[in-house]
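First residue of the sequence shown: 7, per the working numbering; consecutive thereafter. Cβ atoms here follow ideal geometry from the backbone N, Cα and C, with glycine treated the same way. Here's the structure, in structure tokens; my notes come after.
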Amino acid sequence: MAAVFPLVGEVGPYWLGVMGSFCVEISAVAVATGKAEGKIPRRYRSVPYLLLRTAMAFAAGTLPVMLEAVNAYNAFVLGASAPLVFDRMERGNDPGK
């Protein structure tokens, strides 16, 4: 399963997942910037924060591979939902959290 993009060619599920996760990050920056009246919030200018979020996006690419996404759309959505999945895994099964 792979998607074919003009000028790029075939893109596998790992990279579709990474793209989905990066889209969520870009959207979060846009929303936060809008709420801050056009000024980029401080945390998005922090190098450690940006490195961590980039690492999370690359880790998100593993989710569609491990879950064997059946098509490009599913791979993209799994990558986009990865931050939620990782957060839930970190909190464990405690419903109170």
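When you compare each of the options to residue i by their alpha carbons, which one comes out closest?
{"i": "ALA88", "options": "VAL71, VAL76 and ASN77", "result": "VAL71"}
{"i": "MET95", "options": "SER52, GLY44, ARG51 and LEU69", "result": "LEU69"}
{"i": "ALA81", "options": "ILE46, LEU22 and GLY40", "result": "LEU22"}
{"i": "ALA66", "options": "VAL10, ALA9, SER27 and ALA8", "result": "SER27"}
So for residue i, helix, strand or coil by DSSP?
{"i": "VAL10", "result": "strand"}
{"i": "VAL17", "result": "strand"}
{"i": "ALA78", "result": "helix"}
{"i": "LEU73", "result": "coil"}
How big is the Cα-Cα spacing for residue i and residue j?
{"i": "ALA78", "j": "TYR55", "result": "29 angstroms"}
{"i": "VAL17", "j": "ALA63", "result": "16 angstroms"}
{"i": "PHE92", "j": "GLY85", "result": "11 angstroms"}
- Along the chain, which unbroken stretches of the alpha helix (DSSP H) at least 4 residues long are found entirely within the stretch 24 to 67? 53 to 66
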